[in-house]
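Participant: Before we start, here is the structure in question, set down as structure tokens.
2 protein chains.
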Amino acid sequence: MNYIKAFAPATVANVACGFDIFGFAVDEPGDIVEVRRRDEPGIVIMDITGDEGRLPRDASRNAVTVVMQHLLKKLDRLDVGCEVTLHKNMPLGSGMGSSAASAVAGVFAINELLGQPFTRHQLLPFAIEGERIACGSAHADNVGPSLLGGFVVIRSYQPLDVFTVPVPDSLHCTLVHPDIEVNTKDARYILRNEVSLKNTISQMGNVAGLITGLMKEDFDLISRSLVDVIIEPVRAILIPEFNEVKQAALDNDALGCSISGAGPSMFALSKSRLEAARIGKAMQETFELAGISSKLHVSGINKEGPKLLEKR
Amino acid sequence: MNYIKAFAPATVANVACGFDIFGFAVDEPGDIVEVRRRDEPGIVIMDITGDEGRLPRDASRNAVTVVMQHLLKKLDRLDVGCEVTLHKNMPLGSGMGSSAASAVAGVFAINELLGQPFTRHQLLPFAIEGERIACGSAHADNVGPSLLGGFVVIRSYQPLDVFTVPVPDSLHCTLVHPDIEVNTKDARYILRNEVSLKNTISQMGNVAGLITGLMKEDFDLISRSLVDVIIEPVRAILIPEFNEVKQAALDNDALGCSISGAGPSMFALSKSRLEAARIGKAMQETFELAGISSKLHVSGINKEGPKLLEKR
């Protein structure tokens, strides 16, 4: 193989009650990585589109190419050289797993180029390393679902223990990205280091309820469990009109609505594409009333993860 | 109906990672309540066996008869009178849901006597009230599984939201009650009111893992998730030889081992009755080495809950 073009999906992390442990993939948006072999060893970046010039063009400092290099080193294949082009289709700091989608597309693409020496699960540590470089925190709740597809639980990091949970086929996601930016590091910084035992118990109940609801296809239980008593009350203040937008989603039959990842994107879950579209319209209109433009993505739960778009 | 004799099972609450939200019922031990109609209105206690004289004989102060009276009042049937006999088959303060089994047997029996005016779920608030009277805390993680059978999650108390989770048929429980006593109020008192965010995240991961493992019948995942980083490290000091007994269970292929409820009973889960018996033997021997006698119960997961033993 000399050329691979691969897509990796955006993701919704936390999913209300599951801070740092839950995430799911959506069909769109997503980032695209092109990898082309070259004769000399080493990875170089040819171009990055869609990032407004904000990501490093130096391959030794860009998270995507750094982890591709780690993967080559692990395989003892530092003889391999390639040219990388990265197409960002979502803004940085959007809360939709932008850095994760790029890292996953990158490691997936180079693994395809080399004839799949690693399984999907084996690629995960490389993608997590990409998150550490890009965001300063080695979290897996975006790279996990972007790489494996579906609804993913990160039970533990040491050792890494990641698994998928089946979800109802009719479950749909509304993802609204308001045109403001939240820095993931800031969003982490404002969290308290301690949680009351009472709130811990409530949140554990919601975690148990969401997993059971997804597996039993019990939409009422899913809805009752999409409640975050720990993180959302703190981070909501970073998103103007958060309460109003959430209420608009719930008024339009959303099963639940909360912050996507560290925000400012907000997600809602619902029982059909039609409902998801209606919810999205209501959420966008509510942002607009406050003069905030936004972008809408309506999608099923993406069970596939990264996708090979082209190879030759 | 003039006479009902009913059994309600012991329960294991918390189940390692699910403090105050998880519980399951076992086949034995369990408490038995006999209810016999009498001509005059009002509930009287005829006898209590197996409590070493420690429970109130005054029906207006005994949790079981108080909640039976509440049930009659709710039905506007204060004309009904009955004589109650309570057979305690497990010690008070054992961590096996002793007070819950009695309360459940009581409300189940009087509901049968009256021709089932309430569903099982409708009986739950009465049984929870019994816990409040008996233990000073209206928790449902023992009465829930004792009344509904199976593995039960209490997602929320306000409003009450309780549901069952399917478990593998081959799952078995070893329950060992060392001959020491822990007061539930003391066991609550030593807990910290704050939990680190880090431990909250770990525990949520284990909650998600245990539910997924039970529903997928993935015993490895069940085993990895039977970990309690919040409560067990604090309460284990109340149980002499806790670490040694737990290790003995794990050395004998237990999927996990922790404190049953507030202790001092300890439970282990395993994949067969044979394993559960072997684990129990090893746990008892370890207690014995420290001069502590104990009682062993080996059981499947009781999916039935309370049982009508006799009616006429």
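Residue numbers (this note's numbering), protein chains in the order written: chain F, 18 to 329; chain D, 18 to 329.
Even for Gly, the Cβ is constructed at its ideal location relative to N, Cα and C.
#1: Determine whether the Cβ of V182(F) lies closer than 7 Å to any Cβ atom of chain D.
#2: With 7 Å as the threshold, decide whether the Cβ of V169(D) is near any Cβ in chain F.
#3: CA-CA distance, P142(D) and Q133(D)?
#4: In chain D, what lies closer than 8 Å to T66(F) by C-beta?
#5: Taking buried to mean at least 16 other C-beta atoms within 10 Å of its own C-beta, is G278(D) buried or exposed?
#6: Excluding the 5 residues flanking I256(D) on each side, which residues of the same chain have their C-beta closer than 6 Å to its C-beta?
#7: Excluding the 5 residues preceding and the 5 following A204(D) in the sequence, name in chain order all residues of the same chain whose CB lies nearer than 7 Å to its CB.
#8: Which partner residues of P195(F) appear in the DSSP bridge assignment?
#9: For the beta strand (DSSP E) that contains A76(F), what are its first and last residues?
#10: Mind checking whether Y20(F) and R241(F) have CB atoms under 7 Å apart?
#11: Determine the DSSP secondary structure at I38(F), reduced to helix, strand or coil.
#12: Could you have a look at P134(F) and say whether DSSP puts it in helix, strand or coil?
#13: Which class does E234(F) belong to by DSSP, given the choice of helix, strand or coil?
#14: Identify which residue in I207(F), K215(F), R209(F) and L208(F) has its Cα closest to the Cα of R209(D).
#15: Pop quiz: V121(F) and M63(F) are said to be a contact at Cβ under 8 Å. What is the actual Cβ separation, rounded to whole angstroms?
#16: Which residues of the stretch 221-234 of chain D have a Cβ closer than 7 Å to any Cβ of chain F? Give them in chain order.
#17: From N269(F) to R295(F), what distance separates their C-alpha atoms?
#18: From K263(F) to G166(F), what distance separates their C-alpha atoms?
#19: Can you check whether the C-beta of E249(F) is within less than 7 Å of a C-beta belonging to chain D?
#20: When the Cα atoms are used, what is the spatial distance from M283(D) to E261(D)?
#21: Per DSSP, which one or two residues make a beta bridge with H189(F)?
#22: Going by the beta-carbon positions, is the gap between T28(F) and P162(F) smaller than 7 Å?
#23: Quick one: residues in its chain with C-beta nearer than 6 Å to the C-beta of E51(D), no 5 flanking neighbours on either side, listed in chain order?
#24: Using a beta-carbon distance below 7 Å, is T28(F) in contact with chain D?
#25: Leaving out five residues on either side along the sequence, give the residues of the same chain with a beta carbon under 6 Å from the beta carbon of A30(D).
#26: What does the alpha-carbon distance come out to for the pair G273(D) and S173(F)?
#27: Residues of chain F with a CB under 9 Å from the CB of R209(D): which are they?
#28: Could you pull out every residue in the same chain whose Cβ sits closer than 7 Å to the Cβ of H314(F), ignoring the five residues on either side in sequence?
Facilitator: So, from the data block:
#1: As a position in the first sequence, residue 182(F) is number 165, starting the count at 1. So yes, V182(F) belongs to the interface.
#2: As a first step, residue 169(D) is located in the second sequence; it is residue number 152 there, counting from the start. No, V169(D) lies away from the interface with chain F (no Cβ there is under 7 Å from its Cβ).
#3: Taking the first residue of the second sequence as 1, we reach residue 142(D) at position 125. Taking the first residue of the second sequence as 1, we reach residue 133(D) at position 116. Cα to Cα, the separation comes out at about 16 Å.
#4: Within the first sequence, numbered from 1, the residue matching residue 66(F) stands at position 49. Per Cβ cutoff of 8 Å: no residues; T66(F) is ~36 Å from chain D at best.
#5: As a working mapping, residue 278(D) is identified with position 261 in the second sequence. Looking at its Cβ environment, which holds 16 or more other Cβ atoms inside 10 Å, G278(D) is buried.
#6: The residue you call residue 256(D) lines up with position 239 of the second sequence. For I256(D), where only same-chain residues beyond five positions count, the Cβ hits under 6 Å are G280 and P281.
#7: Numbered from its first residue, the second sequence carries residue 204(D) at position 187. Hits under 7 Å: R252, L255, A279 and G280.
#8: The residue given as residue 195(F) occupies position 178 in the first sequence. In DSSP, P195(F) forms a bridge with S311(F).
#9: Reading the first sequence from its first residue, position 59 is the one you call residue 76(F). Counting along the chain, A76(F) falls outside any beta strand (DSSP E), and DSSP gives it neither H nor E.
#10: Taking the first sequence and counting its residues from 1, the one referred to as residue 20(F) is at position 3. Taking the first sequence and counting its residues from 1, the one referred to as residue 241(F) is at position 224. Not closer than 7 Å, so no.
#11: On the first sequence, position 21 is the one that residue 38(F) refers to. In this structure, I38(F) counts as coil in the three-state DSSP scheme.
#12: Numbered from 1 along the first sequence, position 117 holds the residue referred to as residue 134(F). Reduced to three states, the DSSP call for P134(F) is coil.
#13: To locate residue 234(F), count along the first sequence from 1; it is residue 217. In the structure shown, E234(F) sits in coil (DSSP, three-state: anything other than H, G, I, E or B).
#14: As a working mapping, residue 209(D) is identified with position 192 in the second sequence. Measuring from the Cα of R209(D), the nearest candidate turns out to be K215(F).
#15: For the purposes of this step, residue 121(F) is taken as residue 104 along the first sequence, with counting starting at 1. For the purposes of this step, residue 63(F) is taken as residue 46 along the first sequence, with counting starting at 1. The C-beta separation of V121(F) from M63(F) comes to about 20 Å, leaving the pair out of contact by the 8 Å criterion.
#16: M221, G222, N223, V224, A225, G226, I228, T229 and M232
#17: In the first sequence, counting from the first residue as 1, residue 269(F) sits at position 252. In the first sequence, counting from the first residue as 1, residue 295(F) sits at position 278. Those two C-alpha atoms are separated by around 7 Å.
#18: Locating residue 263(F) in the first sequence gives position 246, counting from the first residue. Locating residue 166(F) in the first sequence gives position 149, counting from the first residue. Roughly 26 Å between the two C-alpha positions.
#19: If you number the first sequence from 1, residue 249(F) lands on position 232. No, because no Cβ of chain D sits closer than 7 Å to the Cβ of E249(F).
#20: Position 266 of the second sequence, counted from the first residue, corresponds to residue 283(D). Position 244 of the second sequence, counted from the first residue, corresponds to residue 261(D). For M283(D) and E261(D), the gap between their C-alpha atoms comes out near 12 Å.
#21: Working through the first sequence from its first residue, we reach residue 189(F) at position 172. According to DSSP, H189(F) shares a beta bridge with S287(F) and G317(F).
#22: By 1-based counting over the first sequence, the position of residue 28(F) is 11. By 1-based counting over the first sequence, the position of residue 162(F) is 145. Result yes, Cβ atoms of T28(F) and P162(F) sit closer than 7 Å.
#23: Sequence index remark: in the second sequence, residue 51(D) carries index 34 (1-based). For E51(D), where only same-chain residues beyond five positions count, the Cβ hits under 6 Å are K22 and T102.
#24: Counting from 1 along the first sequence, the entry for residue 28(F) is found at position 11. Answer no: the Cβ-Cβ gap between T28(F) and chain D never drops below 7 Å.
#25: For this step, residue 30(D) is matched to residue 13 along the second sequence. Here the set comprises G40, D158, N159 and G278.
#26: Looking up residue 273(D) in the second sequence gives position 256. Looking up residue 173(F) in the first sequence gives position 156. Taking the Cα positions, G273(D) is about 17 Å away from S173(F).
#27: Against the second sequence, residue 209(D) aligns to sequence position 192. In chain order: L214.
#28: Translated into positions along the first sequence, residue 314(F) becomes position 297. Closer than 7 Å at the Cβ level, and outside the excluded window around H314(F), lie V43, E45, P46 and L192.
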